[in-house]
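Read the structure below first, then the notes.
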Amino acid sequence: MMNQYLPQVAEYRKASYEVDPVFLNRWSPRSFKSDPIPDEVLFSLFEAARWAPSANNEQPWRFILARSKEERERFYPFIADGNRVWCEKAPVLALILSKTVNAKGVNNLAHAFDAGAAWGYLALEAARRGLIAHAMGGFDPDKAREVLKVPDEYELHAVIAIGYQGEKDALPEQLQEREKPSGRRELSETVFKGVFGRT
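For the sequence shown, our numbering begins at 10 and goes up steadily by one.
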């Protein structure tokens, strides 16, 4: 649990307005230790995701976990090579998906939006507990659907690598220079007054 900025974060990130340090401390490293994550720690991330808001409380998100060596190896063939280079050291992989049809049997237009909220809650709880969670869009959803037997009414969004942060020099050289927190554009480029584009 943390209530201050991590040194590696303070060097690259500065909030314009006061927010809890967890928001800046959360970033997406690629270097993982292979250390296992105790159940009570790992499942606290999914407990946090469980409490994300959703339209009509549909809770459309689902997660498929890969923790054992056999389960993780089932994931590898549908993960892009550029991500496999670093994510194979992570002790946990999770596929986040969401149900596209609501309880009334009609299209749930908010399913992806709501799944994104669940991912955000998970990522913040990971940072709060000293873990890293790196979501990857670089995977083959069709192959993942086939391998993991995902029904048609679910959309696959990302594979998430979860674990404890490793050393930068454990990464291939070409990834080491990218192993730092990224900045963000100014609020004036994101928040508009009254109409689009007005600051």
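Built from N, CA and C at the ideal position, the CB exists for glycine as well. Small disclaimer: the values here were computed from a predicted structure and weren't measured.
Coarse secondary structure for residue i, derived from DSSP in three states
i	result
glycine 114	coil
tryptophan 70	strand
alanine 64	helix
phenylalanine 41	strand
leucine 102	strand
alanine 170	strand
alanine 121	helix
serine 53	helix
serine 197	helix
phenylalanine 32	helix
leucine 184	helix
alanine 4	No statement about residue 4 is possible, as the shown extent of the chain runs from 10 to 208 and does not include it.
glutamate 27	coil
glutamate 20	coil
arginine 93	helix
Beta-carbon proximity check, residue i vs residue j, cutoff 7 angstroms
i	j	result
alanine 64	leucine 131	no
lysine 98	phenylalanine 41	yes
alanine 136	valine 31	yes
glycine 70	alanine 127	Strictly speaking, residue 70 in this sequence is tryptophan, with glycine absent from that position. Result yes, Cβ atoms of tryptophan 70 and alanine 127 sit closer than 7 angstroms.
arginine 76	valine 101	yes
asparagine 34	leucine 54	no
alanine 153	isoleucine 171	no
tyrosine 163	leucine 104	no
alanine 119	histidine 166	no
arginine 193	phenylalanine 201	no
aspartate 39	leucine 140	Reading off the sequence, residue 39 comes out as arginine, not aspartate. No. Outside cutoff.
lysine 177	glutamate 186	no
glutamate 67	asparagine 116	no
tyrosine 21	proline 190	yes
leucine 133	isoleucine 73	no
tyrosine 173	aspartate 48	no
valine 168	methionine 145	yes
Which residues DSSP lists as bridging residue i, in chain order
i	result
glycine 175	Paired residue(s): none; glycine 175 is not in a bridge.
serine 107	Trp70, Glu164
isoleucine 88	Phe148
alanine 75	Leu102
Please determine if the stretch 85-92 and the stretch 105-113 are in contact, where contact requires at least 3 C-beta pairs separated by less than 8 angstroms.
Flag = no, the stretch 85-92 and the stretch 105-113 do not touch.
Which ranges does the alpha helix (DSSP H) cover as unbroken runs of at least 4 residues, wholly within the stretch 134-163, from first to last along the chain?
150-157
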